[in-house]
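Just so we're aligned, residue 5 is where the sequence shown starts under our numbering, counting upward by one.
Each remark here refers to the structure printed beneath this line.
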Amino acid sequence: MKYTYLAINILTIFFPLALSFDSKLQFYKQFKSLFQANLVVASLFIAWDILFTHLGVWGFNTTYLTGVSFFNLPIEEVLFFFSVPFACIFTYACVDYYFKVKWTPQFESILVNSFSLSLLAVGLYSLPKLYTSSTFISLAIVLLILKHVAKVDWLPKFFTTYAILLIPFFVVNGILTGTGLEEPIVWYTNAENLGIRILTIPIEDMFYGFELVILNLFFIQLWNAKAKLESD
């Protein structure tokens with residue numbers, strides 16, 4: 005039982021890591037930029053996690069943990085911020101390589117802007133709820149910056165990829181929040197979220213994961229572009 009969360013991390017990364025050396029995809033060539041991006045983004049999310057664990061927004065069930073800690077976080081939670089982005093960015097690379105995702109500029113603008121403003125509205129309305137407000141507002145800001153300041157051209161591919169990722173997301177986060185288990189591995193204080201759950205998963209988790217992955221992708225693309233310029 006105490007290796008449950010660790011096993012989830014290992015299984016999350018196992019197949020993407022094994023397939024990273026596929027001769028067509030050659031995902032291993034992105035390992036350096038992925039590692040750099042992961043360090044930056046994981047540091048931000050770990051700090052966020054440490055604070056919210058301290059405040060009691062969420063916590064962890066020691067029954068499913070090895071007992072090794074980093075500050076007030078189980079080591080498995082720290083590993084989560086590396087294993088999940090790795091698997092998700094690998095999936096994005098597959099979508100990018102094997103599929104042509106094309107949206108009209110008008111559709112992209114409408115979707116991104118309306119989605120961002122909706123997140124911002126719900127986040128501001130839910131200010132007393134720490135998990136809801138921090139996740140929704142920060143994600144809205146990130147999306148608006150990516151769209152209107154950074155002007156990235158990969159948002160359609162990312163939205164498509166994340167829609168695919170929702171399938172394993174519901175499996176992994178479902179187990180973490182108690183689906184199929186006697187008790188959840190990660191518990192949440194309902195006063196700090198909307199109280200809306202999909203199975204056992206707080207709806208905020210979908211947007212928290214979205215932000216985690218999209219920030220990793222942004223920094224990967226940034227470092228890939230920098231490396232390309234230096235090699236030319």
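Glycine residues also receive a C-beta, built at the ideal position from the N, C-alpha and C atoms.
In the three-state DSSP reduction, Leu77 falls in the strand class (E or B).
Look at the beta carbons and you see the region 172-187 touching the region 203-219: at least three pairs across the two are nearer than 8 Å. The residue among Val190, Pro160 and Ile114 with its C-alpha nearest the C-alpha of Trp62 is Val190. A direct Cα-Cα distance of roughly 6 Å separates Phe25 from Phe31. The beta carbon of Lys133 is closer than 8 Å to those of Ala195, Glu196, Asn197 and Leu198 in its chain, skipping five residues each way along the sequence. If you ignore the 5 residues before and after Phe35, its C-beta comes within less than 8 Å of the C-beta of Ser24, all in its own chain and listed in chain order. Secondary structure at Trp62: strand, using DSSP grouped into helix, strand and coil.
For a cut-off of 8 Å, the C-beta gap from Lys151 to Val116 is around 5 Å, short enough to register as a contact.
A straight line joining the alpha-carbon of Asn228 with that of Phe222 spans about 10 Å. At the C-beta level, Tyr68 and Tyr9 come within 9 Å of one another. Of the residues Asn42, Ile114 and His58, the one whose Cα lies closest to the Cα of Ile93 is Asn42. At a cut-off of 4 residues, the continuous stretches assigned as alpha helix (DSSP H) that sit fully inside the region 23-60 are 35-59. Fully contained in the region 146-218 are the following beta strand (DSSP E) runs of length 3 or more, in chain order: 190-192. Between Ile224 and Gln110, the gap from beta carbon to beta carbon reaches 9 Å or more.
Look at Gly71 here: in three-state DSSP terms it is coil, with no helix or strand label. Leu121 places its beta carbon 9 Å or farther from that of Ile141. Taking a C-beta distance under 9 Å as the contact criterion, Leu219 and Leu55 do not qualify as a contact pair.
Going by C-alpha positions, Arg201 is about 11 Å away from Phe174. In terms of Cβ geometry, Pro188 and Lys106 do not form a close pair [threshold 9 Å]. Taking all protein chains in view, the Cβ of Ala22 is surrounded by fewer than 16 other Cβ atoms within 10 Å, so the residue is classified as exposed. Under a 10 Å Cβ-count criterion, Ile17 is classified as buried, with 16 or more other Cβ atoms of the shown protein chains found around its own Cβ.
By the Cβ neighbour-count rule, Thr139 is buried, with 16 or more other Cβ atoms within 10 Å of its own.
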